[in-house]
Amino acid sequence: MTAAERTRSVPHHDDDQVVTSCGRRIAVHCLQLAPAERPIKRVTLNVGQDRDGEHGTWAALTADEARDLARLLLRHAELAESGG
Numbered sequence: 001m002t003a004a005e006r007t008r009s010v011p012h013h014d015d016d017q018v019v020t021s022c023g024r025r026i027a028v029h030c031l032q033l034a035p036a037e038r039p040i041k042r043v044t045l046n047v048g049q050d051r052d053g054e055h056g057t058w059a060a061l062t063a064d065e066a067r068d069l070a071r072l073l074l075r076h077a078e079l080a081e082s083g084g
């Protein structure tokens, strides 16, 4: 099995990313690693460069970690909207 066959990114769409008001593109994808003994799946979060070229970063999260992050984002979005 080749490296390309062992690692693949699930096809993604334009709605899998958002561009922030500061110009950073944040993309969310599913990554699958397929070692012979046990496949590994992760949700990847790629935060791109800002308008001034400041480097971005990325993270690979388990499904549970991605859900925890989603809960935190939603909670803080509500706080930001309510002024809390």
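For the sequence shown, the residue numbers in my numbering are 1 to 84. Cβ atoms here follow ideal geometry from the backbone N, Cα and C, with glycine treated the same way. Keep in mind the model is a prediction, meaning the values are calculated, not measured.
- Query: Would VAL18 be called buried (16 or more neighbouring beta carbons within 10 Å of its own) or exposed?
  - Reply: exposed
- Query: Taking three-plus beta-carbon pairs below 8 Å as touching, is the region 21-31 in contact with the region 40-48?
  - Reply: yes
- Query: Would you say LEU61 and LEU69 are within 8 Å of each other, going by their C-beta atoms?
  - Reply: yes
- Query: Of the residues ALA77, PRO35, ARG67 and GLU37, which one's Cα is nearest the Cα of VAL43?
  - Reply: ARG67
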